[in-house]
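*Asks:*
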Amino acid sequence: MYDFYTDYYRRAMASPAYGEFCTRVFGANYTQHGFADMAAVDRLIHAGELDATHRILELGCGSGGIAAYIAATTGAHVTGIDYIPEAVRQAQAHVDAAPGRLRFEVADIATLPYPAASFTAVVAIDTLYFTDLDATLAQLKRILTASGQLLAYYAQGANPQTPVERFDRSTLAPACTDLGRALHRQGFAFETWDVTGADVRHARRKRAVLEELRPAFAAEGTLSLYENRLGEANGVLAAWEAGCHARYLYRAIPL
Ligand SMILES: C[S@@+](CC[C@H](N)C(=O)[O-])C[C@H]1O[C@@H](n2cnc3c(N)ncnc32)[C@H](O)[C@@H]1O
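So, in structure tokens, the structure goes:
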């Protein structure tokens, strides 16, 4: 994934077609590579009651626009981390969105370099698929304050690794997803919001906008971006049609 994302952030930032895709699908161009549009980010801010009293860590912040938006909207201090130096380099362009309250660092989710009780909230938007969940949650318990919270968008579903015919549908319940079970093992209480419907609408919108923009991607020689995002949207829709896809917003607190 490291090489994929290094290449992705370079190409996405330089692509006007990809910028247009993000603006139309997500509501803002932050070279997103997830499934959370700006309405979903607002929902997360609302669920966590994030405000100026918070110190927030965003895991897998990519090119930083969502962290900047959260800092500007809430007044909180926000640190964004990603393990791709190119993404963090791009993210630095946002620091003036919240002067003195926004910073970005190259760091790996697997080894978070922060002292105990550093943050009141950790945000993870489509990033917890790339790490050992138990080891990561144990670290989050350490770096969160006693009343801290994890806010995470997480999808569970059939994919190329676990196709529909081998997918266990009992794992679609929020307590039974890979994240739900790891939260339970690691001693977190949690509540969830089912955002599967919004996710399906988002995937359909992605597919429609991509089809409209295909000539623009072809003209600038970035069809690989088009194909990556189309494949992802088609994967979600195929899994959902087979009854093998769910997506949740988790709000988890250490016990
Ligand atoms: C699916 S993208 C989501 C990006 C962003 N949160 C969004 O919604 O657009 C996953 C992000 O996690 C980052 N990532 C993956 N594994 C990581 C790790 N072990 N440590 C830090 N960042 C990681 C990737 O570089 C990428 O930016």
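First residue of the sequence shown: 2, per this note's numbering; consecutive thereafter.
Glycine is no exception: its CB is placed at the ideal position from the N, C-alpha and C atoms.
Quick one: does the C-beta of G132 sit closer than 6 Å to a heavy atom of ligand 1?
*Replies:* Checking the sequence shown, residue 132 turns out to be Thr, not Gly. True, at least one ligand heavy atom lies under 6 Å from that Cβ.
*Asks:* Determine which residues share a DSSP beta bridge with F120 and list them.
*Replies:* For F120, which the question treats as bridged, DSSP gives the partners L145.
*Asks:* Buried or exposed: where does P175 fall if 16 or more other Cβ atoms within 10 Å of its Cβ makes it buried?
*Replies:* Buried is the call here.
*Asks:* Is it a yes or a no for the segment 94 to 109 touching the segment 140 to 160, going by three-plus beta-carbon pairs under 8 Å?
*Replies:* The segment 94 to 109, when compared against the segment 140 to 160, does not touch it at the 8 Å Cβ threshold.
*Asks:* Taking T32 as the reference, give the member of G149, G20, A240 and M39 with the closest Cα.
*Replies:* Comparing Cα-Cα distances from T32 to each of G149, G20, A240 and M39, the minimum goes to G20.
*Asks:* Take T223 and list the residues in its own chain whose beta-carbon comes closer than 7 Å to its own, dropping the five residues that flank it on each side.
*Replies:* These residues qualify, in order along the chain: R12, S16, A18 and Y19.
*Asks:* Classify F120: buried if its beta carbon has 16 or more other beta carbons within 10 angstroms, exposed otherwise.
*Replies:* Flag for F120 reads buried.
*Asks:* Comparing the CB of D4 with every heavy atom of ligand 1, is any distance shorter than 6 Å?
*Replies:* Result no, Cβ not under 6 Å from ligand 1.
*Asks:* Answer with buried or exposed for S171, where buried requires no fewer than 16 other C-beta atoms within 10 angstroms of its C-beta.
*Replies:* It is exposed - the Cβ of S171 has fewer than 16 other Cβ atoms within 10 Å.
*Asks:* Alpha carbons only, please: which of Y84, A29 and I126 is nearest the one belonging to Y155?
*Replies:* Comparing Cα-Cα distances from Y155 to each of Y84, A29 and I126, the minimum goes to I126.
*Asks:* Does at least one heavy atom of ligand 1 sit under 6 Å from the Cβ of Q140?
*Replies:* No, ligand 1 has no heavy atom inside 6 Å of this Cβ.
*Asks:* Under 7 Å between C-beta atoms, does D97 make it to chain C?
*Replies:* In the structure shown, chain C does not exist; there is a single protein chain.
*Asks:* Between D127 and ligand 1, is the CB less than 6 Å from at least one heavy atom?
*Replies:* Yes - ligand 1 has a heavy atom lying nearer than 6 Å to the Cβ of D127.
*Asks:* On a CA-only basis, which of R143, V42 and V26 is nearest Y251? Give me that one, please.
*Replies:* Measuring from the Cα of Y251, the nearest candidate turns out to be V42.
*Asks:* At a cut-off of 6 Å, is H34 close to ligand 1 when judged by its beta-carbon and the heavy atoms of the ligand?
*Replies:* Yes, Cβ of H34 sits closer than 6 Å to a heavy atom of ligand 1.
*Asks:* Verify the contact flag: I46, CB atom, against every heavy atom of ligand 1, threshold strictly below 6 Å.
*Replies:* No, since every heavy atom of ligand 1 falls outside the 6 Å radius drawn around the Cβ of I46.
*Asks:* Give the single residue among R102, D169, A122 and V123 whose Cα lies nearest to the Cα of G76.
*Replies:* The shortest C-alpha separation from G76 is found at R102.
*Asks:* Could you tell me whether the Cβ atoms of A118 and T146 are closer together than 7 Å?
*Replies:* Cβ atoms of A118 and T146: closer than 7 Å.
*Asks:* According to DSSP, is T75 part of a helix, a strand, or is it coil?
*Replies:* Reduced to three states, the DSSP call for T75 is helix.
*Asks:* Buried or exposed for H47, please, with buried defined as at least 16 other CB atoms from any protein chain shown within 10 angstroms of its CB.
*Replies:* With fewer than 16 Cβ atoms within 10 Å of its Cβ, H47 is classed as exposed.
*Asks:* Whole angstroms are fine: how far does the CA of Q91 sit from the CA of M14?
*Replies:* Each residue's Cα considered, the two are about 8 Å apart.
*Asks:* To the nearest angstrom, how far is it from the Cα of C62 to the Cα of I82?
*Replies:* For C62 and I82, the distance between alpha carbons rounds to 6 Å.
*Asks:* Between G63 and ligand 1, is there a pair consisting of the residue's CB and a ligand heavy atom that are separated by less than 6 Å?
*Replies:* Flag set: Cβ of G63 near ligand 1.
*Asks:* Going along the chain, which residues of its own chain have a beta-carbon closer than 8 Å to the beta-carbon of M2, five neighbours each way excluded?
*Replies:* Cβ within range, chain order: F131.
*Asks:* For T54, name the three-state secondary structure that DSSP assigns.
*Replies:* If DSSP states are grouped into helix, strand and coil, T54 belongs with coil.
*Asks:* At a threshold of 6 Å, does A37 count as lining ligand 1 (C-beta to nearest heavy atom)?
*Replies:* Yes; taking the cut-off as 6 Å, the Cβ of A37 has a heavy atom of ligand 1 nearer than that.
*Asks:* Is the number of C-beta pairs between the segment 223 to 234 and the segment 63 to 71 that are closer than 8 Å three or more?
*Replies:* Cβ pair count under 8 Å is below three, so no.
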